[in-house]
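Asker:
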Amino acid sequence: MPAKLVVEGLTHHYPDEYTGESVHALEKINLEVQEGELVTVVGPSGCGKSTLLNILAGLLPYREGVASVDGIQISGPGSDRGVVFQEHAILPWRSVAKNIGHGLELKGMVKEEREARVQDFVELVGLSGFEDKYPHELSGGMKQRCAVARTLCADPVIMLMDEPFAAVDAQTRITLQEELNRIAIATKKTIMFITHAVDEAAFLGDRCFVFSARPGRLKAIVDINIARERRIWADMNADDEFVRARDEILRLVREEVSVAVEE
Amino acid sequence: MGAGATMNVLATASIAVQRRLGRQRIRKFLLGSIPFIVMISAWHMNTVFEWLPPVFIPAIGEVWDAFFILQEDCVGFGAALMLDNSCLMSTHILSSLGRVILAAVIGLPFGIAFGILAGMSRPISKILEPIGIFANSISGIAWIPLAIVWFGVGWMTTLFIMLNTIFWLMFFNSMLGVRGVARVYEQSVLTMGGSRLDVILHVYLPGAMPSIISGMRMSMGFGWRALIAAEMIGGDSGLGFMIFSSAEEFKIEEVFLGVIIISIIFLATDHYLLKPLEKWTIHRWGLVWKPT
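These protein sequences, in sequence, are chains A and B. Here our numbering is used: the first residue of the first sequence is 459, the next is one more, and so on. Here our numbering is used: the first residue of the second sequence is 11, the next is one more, and so on.
Here it is in structure tokens:
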């Protein structure tokens, strides 16, 4: 089966915003994401993982290498790639339901059809009863659930998530991680999840891509063979596979952090 | 029936009124009317004690009567609507209002549209910003002499002066509003397959709403002022014209009347148009800081 997302020889430089010097962000990235797979991407800060996501989202033009989704080369933003941003990127002037249905509205789906689908996703992320609330009336965790539903409801081929749970408190983060796992089971969506938290990467990923310090290279791929149904935080510390994967990712990342410090 | 019973009835009535209208609203209204009550009392006391002669400050009753005297010769509703010269009062009010509405209907949408375009696009803002600063520096009323030469005395001149004021204020406010909208909102629409137009309608316009509303406030405020000034010098009707021509004839009560009507109309616009718009948009969306 052909991969959903293919990246070949992707190299990227960009001029620094203040100094104007060329920053070498990504170096010859080769990776594939299979259908229905949830891959996590970790690496030290500044390793270019957000750059990679922006390129895949079509928000950043690239010159060297190839990136394609379903065999179609990426050349700008498109509804085949949904993004869940780091900040709460739900529109403050739209209610929860209108935020979630926004993608369908942009596609021109009629209202009646849209509402039924929106309701499904409201329930999927547990926001029933909050459909008519505005984002400023929601908690941080609820905002991010709304953001996930907003992206999912537009039915993208692949969902790109850029450290989506970084801004919420630790308790909420654990809940959101378990919920994302549940959503991954329910929707079988192909997901690329970028994070800097090692345990999050091990908990969520079928595979974890570890990036090196700048210029970002794909340093290693760690497989995590735990059935999705078994991924519950309460059991994880007793799960040998989880502990092994987490420790290995941690070791790989720490090598990079120490390299960065020595430099 | 004793004093206690009367107090009880009053208290019950007061509670009923408070329930119906809302305690905070009554409080706000009462507090807001204090300066007006003080002003009106002082005005009336002047008439009673004659600190200043009536040539300078007319009696309240005279001002009230002036309204009806000006409208005296008016024959029917139709004549008033046709801005007939026999219906002086309504003609002055309606011509000023008409100019304000016309200028707002043209000036506000164009100002917002060009402001949004300039906020989105560097080249457009580079073209329009310098001319905007130039136009703003020659404040609205400085155009009056030139406008009279170009358009003569009347509607075109007053409209031109108002548009000049409204458009540029609206333009700058909308532009700054758009520039302040977080990029992530735009990106979140683009990555769902939205077009540039979708971004304008779904992100820039609502996102710039706090600035747009304060822009409306400013442009309507300055627009009214410009209108009154324009009517005084380059108009042949309207409240500004009425104030100015009445002063020349020493009809001080008509001057007072004109000033009071202007402020009432302005207060009403703010209260019945801008405040509800504010409540319906930026308050509902949580885009403004609200005291709790």
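The beta carbon of each residue, even a glycine, is placed where N, CA and C say it ideally should be. Bear in mind that the values here come from a model prediction, so they are computed numbers and not experimental data.
May I have the straight-line CA-CA distance separating C84 of chain B from K285 of chain B, to the nearest angstrom?
Answerer: So the alpha carbons of these two residues sit roughly 35 Å apart.
Asker: What are the complete beta strand (DSSP E) segments, minimum 3 residues, inside the segment 546-626 of chain A?
Answerer: Listed in chain order, they are 616-620.
Asker: Answer with yes or no whether the minimum CB distance from V188 of chain B to chain A is below 7 Å.
Answerer: False, the Cβ-Cβ gap to chain A never drops below 7 Å.
Asker: According to DSSP, simplified to helix, strand and coil, what is Y476 of chain A?
Answerer: Here Y476 of chain A sits in coil by DSSP.
Asker: Nearest by alpha-carbon distance to S198 of chain B: which of A:I532, A:F700, A:L510 and A:V542 is it?
Answerer: The residue with the shortest Cα to Cα distance from S198 of chain B is A:V542.
Asker: Should Q34 of chain B be flagged as near chain A, meaning a C-beta pair shorter than 7 Å?
Answerer: Taking Cβ atoms only, chain A never reaches closer than 7 Å to Q34 of chain B, which makes this a no.
Asker: Would you verify that the beta carbon of Y472 of chain A is, or is not, closer than 7 Å to some beta carbon of chain B?
Answerer: Not closer than 7 Å to any Cβ of chain B, the Cβ of Y472 of chain A fails to qualify, so no.
Asker: Go to R665 of chain A, then tell me how far its alpha helix (DSSP H) extends in each direction, as first and last residue.
Answerer: Here R665 of chain A belongs to no alpha helix (DSSP H); instead the beta strand (DSSP E) covers R665 to F669.
Asker: Would you call the CB atoms of V580 of chain A and G599 of chain A closer than 7 Å?
Answerer: No, the pair does not count as a contact, with Cβ atoms beyond the cut-off.
Asker: For the candidate residues B:A15, B:A114 and B:A278, whose alpha-carbon lies nearest to that of M230 of chain B?
Answerer: With distances taken between Cα atoms, M230 of chain B lies closest to B:A114.
Asker: Which whole-angstrom value describes the C-beta separation of K462 of chain A and V568 of chain A, a residue pair presumed to lie in contact below a C-beta threshold of 8 Å?
Answerer: Contact flag wrong, Cβ pair sits at about 29 Å.
Asker: On the DSSP letters alone, give me the boundaries of the beta strand (DSSP E) that F177 of chain B sits inside.
Answerer: Not the beta strand (DSSP E): F177 of chain B falls in the alpha helix (DSSP H), residues W165 to R189.
Asker: So, is the C-beta of P535 of chain A closer than 7 Å to a C-beta in chain B?
Answerer: Yes, P535 of chain A counts as interfacial toward chain B.
Asker: Please list, in chain order, the chain A residues whose beta carbon lies closer than 8 Å to that of Q197 of chain B.
Answerer: Residues of chain A passing the Cβ test: A515, L517, P535, V541, F543 and A547.
Asker: Should L564 of chain A be flagged as near chain B, meaning a C-beta pair shorter than 7 Å?
Answerer: Yes, contact with chain B.
Asker: What's the gap between the Cα of D698 of chain A and the Cα of K507 of chain A?
Answerer: For D698 of chain A and K507 of chain A, the distance between alpha carbons rounds to 28 Å.
Asker: For the pair the segment 656-665 of chain A and the segment 507-517 of chain A, tell me if three or more CB-CB distances fall below 8 Å.
Answerer: Short answer: they don't touch.
Asker: To the nearest angstrom, how far is it from the Cα of I513 of chain A to the Cα of Y520 of chain A?
Answerer: Cα to Cα, the separation comes out at about 7 Å.
Asker: Buried or exposed: where does Q635 of chain A fall if 16 or more other Cβ atoms within 10 Å of its Cβ makes it buried?
Answerer: Its Cβ being crowded by 16 or more others within 10 Å, Q635 of chain A is buried.
Asker: Let me check one thing: in DSSP terms, what residues is G540 of chain A bridge-paired to?
Answerer: A:M617.
Asker: Taking CB distances under 7 Å as the criterion, tell me whether Y520 of chain A reaches chain B.
Answerer: For Y520 of chain A, the answer is no, since every Cβ of chain B falls outside 7 Å of its Cβ.
Asker: Beta-carbon of D246 of chain B versus every beta-carbon of chain C: anything under 7 Å?
Answerer: Here chain C cannot be found, since the structure's protein chains are A and B.
Asker: Secondary structure at H482 of chain A, three-state DSSP: helix, strand or coil?
Answerer: Strand, per DSSP.
Asker: Could you pull out every unbroken beta strand (DSSP E) segment of at least 3 residues lying fully inside the segment 645-717 of chain A, listed in chain order?
Answerer: Those beta strand (DSSP E) runs which fall completely within the segment 645-717 of chain A and span 3+ residues are 648-652, 665-669 and 676-681.
Asker: Do L249 of chain B and G268 of chain B come within 7 Å of each other at the CB atom, strictly closer than that value?
Answerer: For G268 of chain B and L249 of chain B, yes; Cβs fall inside 7 Å.
Asker: Quick check on M130 of chain B: buried or exposed, where buried means 16 or more other Cβ atoms within 10 Å of its Cβ?
Answerer: M130 of chain B is buried by the Cβ-count criterion.
Asker: So if DSSP puts A525 of chain A in a beta bridge, which residue, or which two residues, is it bridged to?
Answerer: DSSP lists A:V465 as partners of A525 of chain A.
Asker: Just tell me which of A:V583, A:N639 and A:E545 has its CA closest to the CA of P622 of chain A.
Answerer: Looking at the Cα atoms, A:E545 is the closest of the given residues.
Asker: Please state the DSSP three-state secondary structure of Q28 of chain B.
Answerer: In the structure shown, Q28 of chain B sits in a helix (DSSP, three-state: H, G or I).
Asker: State the DSSP-derived secondary structure class of N146 of chain B, mapped to helix, strand or coil.
Answerer: Helix at N146 of chain B.
Asker: Residues in the same chain with beta-carbon distance under 6 Å from I223 of chain B, minus the five sequence neighbours each way, listed in chain order, please.
Answerer: Within the same chain, I223 of chain B has close Cβ partners E288.
Asker: Which residues of the segment 608-628 of chain A have a Cβ closer than 7 Å to any Cβ of chain B? Give them in chain order.
Answerer: So the list reads A612, given in the order they occur along the chain.
Asker: Check the DSSP bridge columns for H471 of chain A and list the partner residues they point to.
Answerer: The partner list for H471 of chain A (beta bridge, DSSP) reads A:H482.
Asker: Put E490 of chain A into one of helix, strand or coil per three-state DSSP.
Answerer: Note: E490 of chain A maps to strand in three-state DSSP.
Asker: Could you check the C-alpha separation between G150 of chain B and I134 of chain B for me, to the nearest Å?
Answerer: Spanning the two alpha carbons is a distance of roughly 23 Å.
Asker: What residues match up with L496 of chain A in a beta bridge as DSSP calls it?
Answerer: Its beta-bridge partners are A:I649.
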